[in-house]
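Novice:
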Amino acid sequence: MYFDLTPKSKREDFFNYSHEYEELKKAIERKDKIVALIGVRRVGKTSLMKVVYNELKMPKLWIDGRLVESPKKEIPVMMTDVLKSGQAKIFGGIEGVNFSAFGVGLGLRISGVANISAIEKLIENVNHLYVFIDEAQRMNLKALGDLLSYFYDHFTKISFIISGSEVGLINELLGAEDSEHPLYGRDVTKIEMKRLDRDKSIDFLRAGFRQLNVNVKNDEIFAVIDELDGLIGWLTLYGYKRGVAKSEMALKETLDTAAQIAASEFSHFLKKRKSRVVYVAVLRHATGVSWTELKTKVEKNVGRSINPRLFAFVLRELMRYSFVDKLGDEYKISDPLLFKAALIV
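Residue numbers for the sequence shown follow the numbering used here, beginning at 1414 and rising by one.
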């Protein structure tokens, strides 16, 4: 069902993105050492990874990056566990329940250190090991980068498939522009997932409602897309509320819920940052305007002039964490709900 709120796990439930699906399958068939799914929040990266993960034969490993405190210690332990058991392993939430190497829970408790030589011996007994890491940007990026580069250089039968919704951080993890980075110069396969265009968004909503035998007028569908853009996560939430929960106020409820979620994410981002008012003002005025126009609007909003260095830093951070996109010479919020979120925080 297209309007299932959990990440999709079957190809038939995964709408569109056939090109990205085929590219990921080809990269896995080639045994590319590092594959990165890149895209802003709520474009379906986790669903694509899950679909392909479930189609793969063992051994394979799924890791939720939100639960890993020490990549260098914990990931080798997980890999060793998979290679010893010969079974697929899930460390984190892939079906709505969080698992760890040591039972059900919200964290990973590591006792002891994995022996790399043990992995070298165990890997010889399998054709290939595929390690999927979702939300990779939530880990210690330096430690994860060191780990990926080590396995890249020393193991031919291990592939890492990673995803992250904070595009700038994932690019930093991969070290494409940093000659001092441990992954600099390594061949990394990047697959970009973009939001649905307007026609695909319409197709998605119509197809989802057909599955549920629910009739929704075109005017309502068009209004929904005007508000939610082509972010399939928000479109799915609306479809669920309208088609499954049968709410006549589905769009309003979706906008309210989505704005609260986006506000929570943005508030978490702001916690350790100074010049909070500048960050919020940028988000409120990044409507597809130039650097100069945006700076002028932000200064008017906060009631004072802003040092160009500070403004450039704030804008760069918002882009690193995928709150703002740069399209040509213009800056625009990555999610239309972020404007409402900026009014809440």
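Heads up, the beta-carbon is just placed ideally off N, CA and C, and yes, glycines get one too.
May I ask you to list the residues that DSSP assigns as paired with Glu1605?
Specialist: Ile1451, per the DSSP bridge assignment.
Novice: Distance check for Asp1547 and Asp1477, CA to CA, integer angstroms please.
Specialist: Straight-line Cα distance between these residues: approximately 5 Å.
Novice: By DSSP, does Gly1516 sit in helix, in strand, or in coil?
Specialist: Legend: pLDDT at Gly1516 = 35, less than 50; position of this residue unreliable, value from coordinates given subsequently. In this structure, Gly1516 counts as strand in the three-state DSSP scheme.
Novice: Classify Glu1548 as helix, strand or coil using the three-state DSSP reduction.
Specialist: In this structure, Glu1548 counts as coil in the three-state DSSP scheme.
Novice: In whole angstroms, give me the CA-to-CA distance for Ala1675 and Leu1751.
Specialist: In a straight line, the C-alpha of Ala1675 is about 6 Å away from that of Leu1751.
Novice: With burial defined as no fewer than 16 other Cβ atoms inside 10 Å of the residue's Cβ, what is the status of Lys1630: buried or exposed?
Specialist: With fewer than 16 Cβ atoms within 10 Å of its Cβ, Lys1630 is classed as exposed.
Novice: In the structure shown, what three-state DSSP assignment does Thr1649 receive?
Specialist: If DSSP states are grouped into helix, strand and coil, Thr1649 belongs with the helices.
Novice: Just checking my contact of Ala1694 with Val1715 at CB under 8 Å: how many whole Å lie between their CB atoms?
Specialist: With a Cβ gap of about 5 Å, Ala1694 and Val1715 count as contacting.
Novice: Under the assumption that Gly1581 contacts Met1471 (Cβ atoms under 8 Å), give the Cβ distance between them as a whole number of angstroms.
Specialist: Contact flag wrong, Cβ pair sits at about 34 Å.
Novice: For Ala1549, collect the residues of the same chain with a Cβ closer than 7 Å to its Cβ; drop the 5 residues on either side in sequence, then sort them by chain order.
Specialist: If we look at Ala1549 and ignore the five residues flanking it on each side, its Cβ neighbours are Gly1478, Leu1557, Ile1575, Ser1576, Gly1577, Ile1583 and Leu1586.
Novice: Cα separation between Gly1520 and Glu1487?
Specialist: Legend: pLDDT at Gly1520 = 41, less than 50; position of this residue unreliable, no value from coordinates given.
Novice: Answer yes or no: do Ile1441 and Lys1603 have a C-beta to C-beta separation smaller than 7 Å?
Specialist: No.
Novice: Terminal residues of the continuous alpha helix (DSSP H) containing Gly1558?
Specialist: Note, Gly1558: alpha helix (DSSP H), Leu1554 to His1567.
Novice: My parser needs the alpha helix (DSSP H) runs of 4 or more residues fully inside the stretch 1620-1708; what are they?
Specialist: Taking only runs of at least 4 residues, the alpha helix (DSSP H) segments lying wholly in the stretch 1620-1708 are 1631-1641, 1645-1652, 1663-1683 and 1689-1698.
Novice: I need the straight-line Cα distance from Arg1424 to Leu1644, nearest angstrom please.
Specialist: Their backbone Cα atoms lie some 19 Å apart in a straight line.
Novice: What residues are listed by DSSP as bridge partners for Val1495?
Specialist: According to DSSP, which records beta bridges pairwise, Val1495 is partnered with nothing at all.
Novice: By Cβ distance, which residues of its chain are closer than 6 Å to Tyr1744, with the 5 residues on each side in sequence left out?
Specialist: Cβ within range, chain order: Ala1699, Leu1707 and Val1737.
Novice: Given a threshold of 16 other Cβ atoms within 10 Å of its Cβ, counted over all protein chains shown, does Val1481 qualify as buried or as exposed?
Specialist: By the 10 Å Cβ count, Val1481 comes out buried.
Novice: How is Tyr1434 classed by DSSP in three states: helix, strand or coil?
Specialist: Helix, per DSSP.
Novice: Measure the C-alpha to C-alpha separation of Phe1573 and Tyr1430 and round it to an integer number of angstroms.
Specialist: Approximately 21 Å, taken between the alpha carbons.
Novice: According to DSSP, is Ile1575 part of a helix, a strand, or is it coil?
Specialist: Three-state DSSP puts Ile1575 in a strand.
Novice: If the criterion is Cβ atoms closer than 7 Å, does the pair Pro1484 and Met1552 meet it?
Specialist: The answer is yes: Cβ separation under 7 Å.
Novice: Quick check: the stretch 1453-1471 against the stretch 1631-1651, are there 3 or more CB pairs under 8 Å?
Specialist: In short, these stretches touch, since the Cβ pair count reaches three.
Novice: Whose C-alpha, out of Tyr1434, Glu1533, Tyr1597 and Thr1667, is nearest the C-alpha of Glu1605?
Specialist: Cα-wise, what sits closest to Glu1605 is Tyr1434.
Novice: Rounded to whole angstroms, what is the Cα-Cα separation between Glu1579 and Phe1682?
Specialist: Distance between the alpha carbons of Glu1579 and Phe1682 is about 11 Å.
Novice: By the three-class DSSP mapping on this structure, what secondary structure does Leu1596 have?
Specialist: Three-state DSSP puts Leu1596 in coil, outside helix and strand.
Novice: Since Tyr1415 sits in a beta bridge, which residues does DSSP pair it with?
Specialist: Its beta-bridge partners do not exist; DSSP assigns none.
Novice: Here's a check: name, in chain order, each residue in its chain whose Cβ is nearer than 8 Å to the Cβ of Ser1735, leaving out the five neighbours to either side.
Specialist: The answer, listed in chain order, is Val1453, Arg1454, Ser1578, Glu1579, Val1580, Gly1581 and Ser1747.
Novice: Please identify the residue among Arg1717, Phe1545 and Pro1595 whose C-alpha is closest to the C-alpha of Ala1449.
Specialist: Taking only the C-alpha atoms, the option nearest Ala1449 is Phe1545.
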